[in-house]
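For reference, the structure discussed in these notes is given below.
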Amino acid sequence: MQAKEDFLRLLNFVKGILYADKCIPFEERQLNYHIQPRLNARRYRQFNVLKKSGGERTICAPCSGLKEIQCCLNVVFQAIYTPHKNAYGFVPEKSIVDNARKHVGNIYIYNIDLKDFFPSIDQARIWGRLHYHPFNLDKKHDREKIANMIAVLCCHEMEVERLNESGVWETVTKRVLPQGAPTSPVLTNIICERLDYLLSAVAKRFGLNYSRYADDITFSSMHNVYQKNSEFINELQRIIKEQGFSIKHSKTRLQKAGYRQEVTGLTVSDRVNVHQRYVKQLRKWLYYWETYGHERAAEYFLPKYNEDKGHAKKGNPSMENVLSGKLEFLKMVKGAENPTYLKLKERFDKLTNVIVDIPTIIAEPPLEYQNKESKEIIFPITFSEVNYPVMHNAPRLVELLKGFSENDKALKYTTHSWEYGKFVSYEDFMDKIFVEWQIISKELINLNKQLNAKISNFLFNKELGSKKVDSKFFISWGEKRLKFGWSSPALKEYMSLPDKYPFACSIPYEIRELDKQHSLLYFKDYVSVFKNEIEIREDNNTLEKLFNDLWQNTLSYDFNLEQENVRGISFFTDVAYFRSAMELTLKMCASRPQYPKILVIVEPYFESKYILLKIIQKESECQRDIDDPKICKPSGGDLATIINKVNNLADFSIVSNFYKNKKTFRINYITSFENVPHIEELNHSCEGFTYEFKFFI
-15 MQAKEDFLRL LNFVKGILYA DKCIPFEERQ LNYHIQPRLN ARRYRQFNVL KKSGGERTIC
45 APCSGLKEIQ CCLNVVFQAI YTPHKNAYGF VPEKSIVDNA RKHVGNIYIY NIDLKDFFPS
105 IDQARIWGRL HYHPFNLDKK HDREKIANMI AVLCCHEMEV ERLNESGVWE TVTKRVLPQG
165 APTSPVLTNI ICERLDYLLS AVAKRFGLNY SRYADDITFS SMHNVYQKNS EFINELQRII
225 KEQGFSIKHS KTRLQKAGYR QEVTGLTVSD RVNVHQRYVK QLRKWLYYWE TYGHERAAEY
285 FLPKYNEDKG HAKKGNPSME NVLSGKLEFL KMVKGAENPT YLKLKERFDK LTNVIVDIPT
345 IIAEPPLEYQ NKESKEIIFP ITFSEVNYPV MHNAPRLVEL LKGFSENDKA LKYTTHSWEY
405 GKFVSYEDFM DKIFVEWQII SKELINLNKQ LNAKISNFLF NKELGSKKVD SKFFISWGEK
465 RLKFGWSSPA LKEYMSLPDK YPFACSIPYE IRELDKQHSL LYFKDYVSVF KNEIEIREDN
525 NTLEKLFNDL WQNTLSYDFN LEQENVRGIS FFTDVAYFRS AMELTLKMCA SRPQYPKILV
585 IVEPYFESKY ILLKIIQKES ECQRDIDDPK ICKPSGGDLA TIINKVNNLA DFSIVSNFYK
645 NKKTFRINYI TSFENVPHIE ELNHSCEGFT YEFKFFI
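In structure tokens:
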């Protein structure tokens, strides 16, 4: 690069990779705006968050325009710079587990933290480092102006602490690396390259192991060189000071064998592991959920979780999301095949497969469907009376959901325009859909309990938007927890007026406030959300957008995700479970980064009334034997979770070349028809490990 135009062209090239067809190129005026901080006082929003250990951490969040530029710069930095081998923080394919593993089994572990790590790095230091390899933005090549722009874009003026000439800490105003910018983590590794080199050399000289995870520095050894004023300690302190950093002495600790030894929050006495308390907590919350039900367990969970975290975050976390995250962390530390992880994951999967947050409240049926004396509903349906059998019949679930699209069904008009004179009144319409839904619900509740609850609440729950007795939670429906539906009193009142169209009903102010994050103003907006929760729709290319979103949020930028024939595709399903299954499938692909090419392709078979959705990780193959139960009959792990997610939604198989068998097989995990072999040997190879989902239409 020689000029600003070249720099802008590079940013737009990377932005096209990150945002694909959503990309709006940067303009030169935007770049000019953000490289002049004196004229742009709103580049950053500064705020403090409480640390778990006490005190506050200052976060500087860039504005959206600057953040997009920094995200593109971050990709460039990671593409051309290789961090030191002993740097583990903010490095792709490295984690706290890798950092901790380096120190397992040593008698002495010595930890130090660097004080004010990010703001210790001044803008001038960034500018100077960009002059050298591999950036070479130097005066010799007439490229200093680009180094200036990058340094300004990545730094922010703020108050920081510095040691003065008298050795006293004082507050000064400096342009420094802000904590909260996308570029700051990778730049800390770039700046610390010299520090890592010198400390690695010192470690080698004294026979120690060395690693750095951001500002957390660890040495370990079988012998003790960590005495106060020892040669090693004096050398360590000298190097850190020369490199422009300071040790936070309150965080310095020497851990000896015989006591619990920790590195980046993990125990390393004989192997890398989580604390016993971590597993005990997981067991405790799963036990509460199993014993007392989701709602009561969640009410008890929230205050205890916030108390344990030591600080409050925005919003209230979902118990199932927190537990899912904790299980993923346990899997990362202990391994996917660890018995403790597999048992806890199995318990969690059983709970999430039958979770129903809000029990269905059936509207009062028409008089002809009541017992005249007892007022008892002739065919009541309650969750407590219905078992949830393990079964698979995906075509039948689709046939039941087609009630929302068939011309002879009143249910169709809960999501489609009313025909003039079709129904005598709102009450007449509700009577008709009640009769139709009772018949459908009897089967659907056994096929998909949560989907049944979602639809029942949307259609018949009069109490949406209110709270249960002694509950903090509002009664709602669907993935977005919406609080208005067909039986809401406001809609009934609106329809009592002459010549009213239900979808034009304005949502009451109090409900709009409860659902304000979704910006829904009319009942038609709620109906649109409902339609998109029970059907992948072709009119807004739902499938393509879903995979674009998963690519950005699940896969790293090292992966190339191609899509073929995904537009114009429509089928009924539980969209929340479908998205979860696709996300987990892509995460399994992400665990094999050596195969970065992924293809999502749809093959329609309209005559046979199904579509085949394939996710292919090109050039990859299965390393296990075909008879290995972990692949042919998985009882735990991600593969088993995918099977549970798509149960009654789709048939699911994998196809792969099996390295050990030198053959290609298809394993059919769940199918909707008899006489389908569990394992099929194929007479042709495949282009990569393939996940096949058969959705019926």
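Numbering (our numbering), first residue to last: -15 to 681.
Cβ coordinates follow ideal geometry from the N, Cα and C atoms, glycine included.
In the DSSP secondary-structure assignment, Gln163 is not bridged to any residue.
With contacts defined by Cβ atoms closer than 7 Å, Pro67 and Asn193 do not form a contacting pair.
Annotation for Val144: Asp100, Pro103, Val156, Lys158 and Val160 place their beta carbon closer than 7 Å to its own, counting only its chain and skipping 5 residues before and after. Within the same chain, Cβ atoms closer than 6 Å to the Cβ of Leu597 are found at Val586 and Phe677, the five residues on either side in sequence being excluded. Note: Ser230 is not bridge-paired with any residue in the DSSP secondary-structure output. Remark: C-beta atoms of Ser425 and Asn432 do not approach each other more closely than 7 Å. Around the CB of Tyr271, fewer than 16 other CB atoms lie within 10 Å, so the residue is classed as exposed. In the displayed model, His662 falls within coil according to three-state DSSP, outside both helix and strand. Restricting attention to alpha helix (DSSP H) runs no shorter than 4 residues, the segment 33 to 81 encloses them at 48 to 64, ordered along the chain. Following the DSSP letters along the chain, one finds Val144 inside the beta strand (DSSP E) bounded by residues His140 to Leu147.
Using a 10 angstroms sphere on the CB of Ala187, the tally of other CB atoms reaches 16 or more, which defines it as buried. In the three-state DSSP reduction, Thr236 falls in the strand class (E or B). In terms of CA proximity to Phe679, Phe556 leads the group Ser195, Leu57, Gln265 and Phe556. Between Val252 and His87, the C-beta spacing is below 7 Å. CA-CA distance, Ser302 to Ala282, rounds to 8 Å. For the alpha helix (DSSP H) assignment, the uninterrupted runs of no fewer than 4 residues enclosed by the segment 409 to 448 are, from N- to C-terminal side, 410 to 431 and 433 to 444. Going by DSSP, Tyr653 is part of the beta strand (DSSP E) stretching over Lys647 to Ile654.
Three or more pairs of CB atoms, one per stretch, sit closer than 8 Å, so the segment 457 to 466 contacts the segment 501 to 520. Straight through space, the alpha carbons of Tyr653 and Gly309 are spaced by roughly 26 Å. Segment contact: the segment 524 to 538 against the segment 552 to 568, three or more CB-CB distances shorter than 8 Å; contact assigned.
When secondary structure is reduced to three states using DSSP, Gly672 falls in the strand class. Cα atoms of Asp(-10) and Phe10: separation of roughly 12 Å, rounded to the nearest angstrom. Rounded to the nearest whole angstrom, the CA to CA distance from Ile93 to Leu326 is 31 Å.
The three-state secondary structure of Lys123, taken from DSSP, is coil.
Annotation: Phe388 to Thr398 spans about 7 Å, alpha carbon to alpha carbon.
Note that the C-beta distance between Pro46 and Tyr72 is not below 7 Å. In the three-state reduction of the DSSP assignment, Trp111 falls in the helix class. Where Arg196 is concerned, the enclosing beta strand (DSSP E) starts and stops at Asn193 to Tyr197. If you draw a straight line from the Cα of Lys571 to the Cα of Pro613, it is about 21 Å long. In chain order, Gly621 place their CB closer than 6 Å to the CB of Ala320, counting only its own chain and leaving out the 5 sequence neighbours on each side.
In this structure, DSSP gives Asn95 an extended state, which the three-state scheme calls strand. DSSP places Ile223 within a helical segment (H, G or I) once states are collapsed to three. Rounded to whole angstroms, the gap between the alpha carbons of Leu34 and Gln163 is 14 Å. The beta-bridge partner set that DSSP reports for Trp153 consists of Leu147.
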